[in-house]
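Here the sequence shown is numbered in the working numbering, starting from 3 and rising by one per residue. Think of the CB as a built atom: it goes at the ideal place given N, C-alpha and C, for glycine as much as any other residue. Scroll down for the structure; my scribbles are underneath it.
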Amino acid sequence: MTDSAESLVEGFVNIWNERDSARRRQAVETLWAANGRHYMGAHDVGGHDALEARVSASHQRNVVEGGGWFRPPTAVQVLPGVVKFRWDLAKRDTDEVLSAGVGFLTRDASGKILADYLFVES
3 MTDSAESLVE GFVNIWNERD SARRRQAVET LWAANGRHYM GAHDVGGHDA LEARVSASHQ
63 RNVVEGGGWF RPPTAVQVLP GVVKFRWDLA KRDTDEVLSA GVGFLTRDAS GKILADYLFV
123 ES
């Protein structure tokens with residue numbers, strides 16, 4: 003795995019845990035292209051403002067209210083322009099897995115996310 007892909011995936015997973023709203027916003031702008039998109043189930047959002055709102059809502063529901071945390075990604079695989087990885091959300095106090103799945107990121111020439119696709123498997 004390349005360092006830039008590793009940093010991208012780690013940053014992508016970490017943003018969902020970020021408690022500080024200003025740092026979350028900065029991370030959105032750093033990680034996604036201005037026209038970047040996010041797809042997960044019924045969620046289909048695009049652009050930095052909508053991405054920030056989506057990440058913030060997920061953070062509130064899963065981390066603040068749900069007591070969970072998104073653990074570091076595993077099984078990262080990189081091909082030109084794309085990155086695939088496994089993600090999971092676990093209870094902070096017990097580490098019990100609450101949800102898990104696969105993430106797939108497409109990247110632009112500068113390495114920013116053009117689209118992220120999150121698949122929930124459990």
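Next on the checklist: Checking the sheet assignment: what are the DSSP bridge partners for Ala92?
Outcome noted: Trp71, Val99
Checklist entry - What separation, rounded to the nearest whole angstrom, lies between the Cα atoms of Leu81 and Asp95? => result 36 Å
Checklist entry - So the alpha helix (DSSP H) Asn64 belongs to, where does it begin and stop? => result Run containing Asn64: none; DSSP gives neither H nor E here.
Checklist entry - Does the Cβ of Arg21 have 16 or more other Cβ atoms within 10 Å, making it buried, or fewer, making it exposed? => result exposed
Checklist entry - For Glu67, is the classification buried or exposed, using 16 other Cβ atoms within 10 angstroms of its Cβ as the cut-off for buried? => result Result: exposed.
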